[in-house]
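Read left to right, the sequence shown gives residues -22 to -1, 1 to 287 (mature numbering (1 follows the signal peptide of the UniProt record, and there is no 0)). Cβ atoms here follow ideal geometry from the backbone N, Cα and C, with glycine treated the same way. If you're wondering where the values come from, they're calculated on a predicted model, not measured in any experiment.
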Amino acid sequence: MHLPTALGVCLVTLGTCLIAQADPSPAPEGYIAVRNLDYAGQDNPRQKLDLYLPEKPPGKLLPLIAYIHGGGWEGGTKDDAGVTLHFIKQGGYAGASIGYRLTNEAHWPSQVYDVKAALRWLKSHAKDHGIDPDRIALFGISAGGHLVSLLGTSYGVKELEGDVGKAGDSVRPVCIANFCGPANFLTFYGKGSVIDADKPNSAIAKLFGGPMSKHLEEARAASPVTYVTKDDPPFLHMHGTADTLVPYAQAEEFDAALDKAGVSSTLLTGKDAPHVFFSKDLIDKMQTFFDKHLQGKPGDVKQGPVAAK
C-alpha cells in the first residue's frame, strides 16, 4: 500500500513542527474540501475547520472522522489533515480537520473549549453536509491525541465545555484513536520525557501559562485520565516505546485506567519506535478500528505489538 503523501503530519510533535505544510491537504480523489468553516463565530482563523465530503452525495448520512492536529499546542495547523484522508477514502467516510487556538494566543483551557465547540458545531450542522450526527469518530496525534482523549473522557463535564461558539449539549464521540497523546500531566516527571514542564519555554509550561509545579490543578483538569468512567467510548492507543517526548508509560497508564473502568481500550505498541511512527500494519489496524465502530464491520484489533515501519 502506498502511504499518502500528506504524512508530513507524522512529524508534527509535542515540541515543534518538523515539516511545514505549505498548502492545505488536497481532497482525496472523489472528494471535495469545504474549508474554513467558522465554528466559533469570531472569524479567528484558528477557530475554523475543514470538511472533506464526497463529490457525489451517496444518498445516505455518512459517518465522520474528525482529526485534531498536533504541534505541542503551540504549532501545527488544520491544513495538514494527513493520513486521515486515507481513512475517509478507504472507508467512504466524511472527514473533518479542526483548528484551535495555540498557546501564543491563549492558555489552557482555551484549547479544549475550542475543540468542544467544534464538535458541537459538527453535530448540529451534520445533516446539512450529509453527515450522521450520531457517528462521529475522533483521531489526534500528540497534542491532538491529548485533545481527542479529553473529548472522549469528559462528556458531560460542564467546566470543560466553555463558552466558545453556540452553547449546546456535550457530544460523545463513537470512538477515539489516540496517537501518543499525553494522558496524565501529573505523572510526566521521571518517566523518560525530555520535556521539563517547569521550564518556561517548554510546551507544557506554555500550555498552562507557567511552570507546571505552580499549576497542578490545571494539570489535573487537563489530564484525560481524570475523567475516565465506564461510559467512555472505545479507545485505540498507538505509542512507541522509544518516545522521548510523551513517555510510553502515559499510554500504559491511560489504557489501564480505561480497562479498569470497563471501557474497551486497545494499546498498539511500536517497539523502539519514536514519538510518531507509521506503517502499513498500523494504518490497516486503525482502518479496522474505525470501520468496526462507525460501520459495524467485522474485525478486531488485538492489544500488542505493531510494526513501526
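In this structure, residue 108 and residue 214 do not form a Cβ contact; the two beta carbons are roughly 26 Å apart against a cut-off of 8 Å.
Residue 10 counts as exposed, since fewer than 16 other C-beta atoms from the protein chains shown sit within 10 angstroms of its C-beta. DSSP, reduced to helix, strand and coil, places residue 75 within a strand of the structure shown. Using a Cβ distance threshold of 8 Å, residue 119 and residue 254 count as a contacting pair. The Cβ neighbour count for residue 54, taken over all protein chains shown within 10 Å, is at least 16; the residue is labelled buried. Here residue 204 has 198 as same chain residues with Cβ atoms under 6 Å from its own Cβ, once five neighbours each way along the sequence are excluded.
At a Cβ-Cβ threshold of 8 Å, residue 248 and residue 286 count as neighbours.
Restricting attention to 257, 264, 239, 258, the CA atom closest to the CA of residue 245 is found in 264. Straight-line measurement puts the Cα of residue 115 at about 20 Å from the Cα of residue 35. Excluding five sequence positions before and after residue 143, the CB atoms of its chain that fall closer than 7 Å to its own CB belong to 17, 18, 19, 95, 98, 99, given in chain order. Under the three-state reduction of DSSP, residue 202 is assigned to helix.
Burial state of residue 160 is buried, judged by a 10 Å Cβ sphere holding 16 or more other Cβ atoms. Contact annotation: residue 212 and residue 271 have beta-carbon atoms nearer than 8 Å. Here DSSP, grouped into helix, strand and coil, assigns residue 186 to helix. Here the alpha carbons of residue 29 and residue 62 stand approximately 12 Å from one another.
Note on the region 118 to 150: whole alpha helix (DSSP H) runs with a minimum of 4 residues are 121 to 131, in chain order.
About 33 Å separates the CB atoms of residue 185 and residue 266; that is not less than 8 Å, and the two are not in contact. One alpha carbon belongs to residue 234, the other to residue 241, and they sit about 10 Å apart. Secondary structure at residue 222: coil, using DSSP grouped into helix, strand and coil.
In this structure, the straight-line span from the alpha carbon of residue 151 to that of residue 110 is close to 12 Å. Taken through DSSP and simplified to helix, strand or coil, residue 106 comes out as helix. DSSP links residue 32 through a beta bridge to 9.
Distance from the CA of residue 128 to the CA of residue 38, rounded to the nearest whole angstrom, comes to 30 Å. Sequence-distant partners of residue 88 (beyond 5 residues in either direction) whose C-beta falls short of 7 Å from its own C-beta, in its chain, are 79.
In this structure, residue 101 keeps its C-beta atom at 8 Å or more from the C-beta atom of residue 77. Put simply, the backbone Cα of residue 181 is about 38 Å away from that of residue 8.
Across the set 42, 49, 191, the C-alpha of 191 shows the shortest separation from the C-alpha of residue 176. Less than 8 Å separates the beta-carbon of residue 69 from that of residue 269.
By the neighbour-count criterion, in which 16 or more other beta carbons inside 10 Å mark a residue as buried, residue 27 falls on the buried side. With 16 or more other CB atoms across the displayed protein chains lying within 10 angstroms of its CB, residue 91 is buried.
The beta carbon of residue 31 sits closer than 7 Å to the beta carbons of 9, 10, 12, 72, 107, 108 from its chain, once the five residues preceding and following it are set aside; these are given in chain order.
Rounded to whole angstroms, residue 67 and residue 275 show a C-alpha spacing of 16 Å. At the C-beta level, residue 135 and residue 46 stay beyond 8 Å of one another.
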